[in-house]
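Written out below as structure tokens is the structure these notes cover.
2 protein chains.
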Amino acid sequence: MQKYEAAAKLFRILGEPMRLAILDMLSCGELCACDILERLTISQSTLSHHMRVLQQAGIVMARKDATWVYYTINPKIVPDLHNILDDIILPKKNCICEGVKLEDNK
Amino acid sequence: MQKYEAAAKLFRILGEPMRLAILDMLSCGELCACDILERLTISQSTLSHHMRVLQQAGIVMARKDATWVYYTINPKIVPDLHNILDDIILPKKNCICEGVKLEDNK
DNA sequence: AATAAATATTGACATGTATCGATGAATGTT
DNA sequence: AACATTCATCGATACATGTCAATATTTATT
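Heads up: the protein sequence lines correspond to chains A and B, in order. Just add 55 to the spot in the first sequence (first one is 1) and you have this note's numbering. Just add 55 to the spot in the second sequence (first one is 1) and you have this note's numbering.
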């Protein structure tokens, strides 16, 4: 299972409407937290939580300037996500469907 | 927010290691529930739960034959998922980053 | 009809996490 | 030095859901 946990974690992070809204906003380019907060109906602490999650997952990058923090989407994450999805869902060589039993610690 | 809920739901469903393992197994082709169960260390009821979730989301399709149920990945879901991701994370026209405020009921 | 096998459903429980208000920390301004 | 602004952290709460055992349902077999 361990094999799938990293991928699952990424998908789980994308599995929240608020975070998708934030990523949609960032898709055009850099925004500071206050810009994002202005367009959402969530508390500042909730936004801060989401930005931390997105950052730690490597989905967004942060740049601090004085009291502001500016966020951008990590461009590398886009092909990464596509590849992660394809590696699981598309036919491939040495696939687990060929027979091995999966234990919880694998 | 409603705008992102469908996409978030799909990602959330992909956000479980067990379901990714199941999809990985199905990536080569059709398997029945008992085949999948044989290679995982989860209970039968848990597997049944996951298959129902994957089915209702349109990610896998089910075919019943006597007492067996055979599952396949819905091939349409693959490009769909890529498009959903790109529609959010890549730059685009008429993007919400251009200014509108998002209410919870949107 | 009785039994067996494959899958679904139900109810209970534990865990994870989104959310908030309150507060703290860092930086800039007066 | 005092204050304001921006963001982070903490503690509490509510809700969603993964998991299981037990049971039901469906179909085939004897």
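Cβ atoms here follow ideal geometry from the backbone N, Cα and C, with glycine treated the same way. Bear in mind the structure is a predicted one, so any value in this text is a computation, not a measurement.
Please report the residue range of the beta strand (DSSP E) in which residue i lies.
i                      : result
residue 116 of chain A : 115 to 120
residue 128 of chain A : 123 to 128
So, for residue i: in the same chain, excluding its five sequence neighbours on each side, which residues have a beta-carbon less than 7 angstroms away from its beta-carbon?
i                      : result
residue 99 of chain A  : 92
residue 75 of chain A  : 69
residue 139 of chain A : 62, 65
residue 132 of chain A : 113, 114
residue 80 of chain B  : 86, 91, 94
residue 83 of chain B  : none
If I measure Cβ to Cβ from residue i and keep anything under 8 angstroms in the same chain, skipping five residues before and after, which residues do I get?
i                      : result
residue 85 of chain A  : 118, 125, 126, 127
residue 129 of chain B : 113, 114, 115, 116
residue 103 of chain B : 88
residue 59 of chain B  : 143
Exposed or buried, residue i, counting other C-beta atoms within 10 Å across all chains shown (16 or more means buried)?
i                      : result
residue 62 of chain B  : buried
residue 142 of chain B : exposed
residue 161 of chain B : Note that residue 161 of chain B scores a pLDDT of 49, beneath 50, so its modelled location is shaky; the value from the coordinates is reported in the next line. By the neighbour-count rule (16 or more Cβ atoms within 10 Å), residue 161 of chain B is not buried but exposed.
For the alpha helix (DSSP H) containing residue i, name the first residue and the last one.
i                      : result
residue 145 of chain A : Element bounds for residue 145 of chain A: n/a, residue is neither H nor E.
Which same chain residues end up closer than 6 angstroms to residue i when comparing Cβ atoms and leaving out the 5 residues on each side of it in sequence?
i                      : result
residue 96 of chain A  : none
residue 137 of chain A : none
Could you tell me whether the region 100 to 115 of chain B touches the region 63 to 77 of chain B, using the rule of 3 or more Cβ pairs below 8 angstroms? yes
Going residue by residue through the region 64 to 98 of chain A, where are the continuous beta strand (DSSP E) segments of at least 3 residues, counting only ones entirely within it? none
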